[in-house]
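Asks: The sequence shown: position 42 = 47 (the working numbering), numbered continuously. Quick one: structure below, then a few questions.
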Amino acid sequence: MTRQNSEAEKFRSMSDNELESEVEEVRKRLFQLRLQSSTRQLENYRELRRVRRQVARLQTLSRERRPAQEAR
């Protein structure tokens with residue numbers, strides 16, 4: 006199993022509240038990385054890309070759950 010798949014499975018098994026808190030944490034991490042990038046202190050630029058994609062995955066899962074809740 007690839008890292009991406011195992012990460013996605015971990016996120017899918019989270020509750021809605023856990024997912025929202027994870028989104029907040031990852032967004033904070035993204036902000037820190039962007040700040041480091043703008044001040045030329047970032048050592049690993051791949052990390053910026055990885056975290057951006059992680060935010061996108063989390064938001065996608067969050068949006069997938071919303072229609073399911075509204076249909077009830």
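For glycine and all other residues, C-beta sits at the position ideal for the given N, C-alpha and C. Here the structure is a predicted model, which is why all the values come from computation and not from measurement.
Please give the ranges of any alpha helix (DSSP H) in the stretch 11-43, keeping only runs that are unbroken, at least 4 residues long and fully inside the region.
Replies: DSSP runs (the alpha helix (DSSP H)) wholly in the stretch 11-43: 21-43.
Asks: Determine the DSSP secondary structure at Glu48, reduced to helix, strand or coil.
Replies: Correct three-state label for Glu48: coil.
Asks: Can you tell me the Cβ-Cβ gap for Leu35 and Arg57, rounded? I've got them flagged as a contact below 8 angstroms.
Replies: Correct: roughly 6 angstroms between the Cβ atoms.
Asks: If we ignore side chains and look at the alpha-carbon of each, how far apart do Pro72 and Ser11 end up?
Replies: Whole-angstrom Cα-Cα distance: 24 angstroms.
Asks: Leaving aside the five residues before and after Arg70 along the sequence, list all residues of the same chain whose C-beta is less than 7 angstroms from its C-beta, in chain order.
Replies: Excluding sequence neighbours, Arg70 sits near Asp21.
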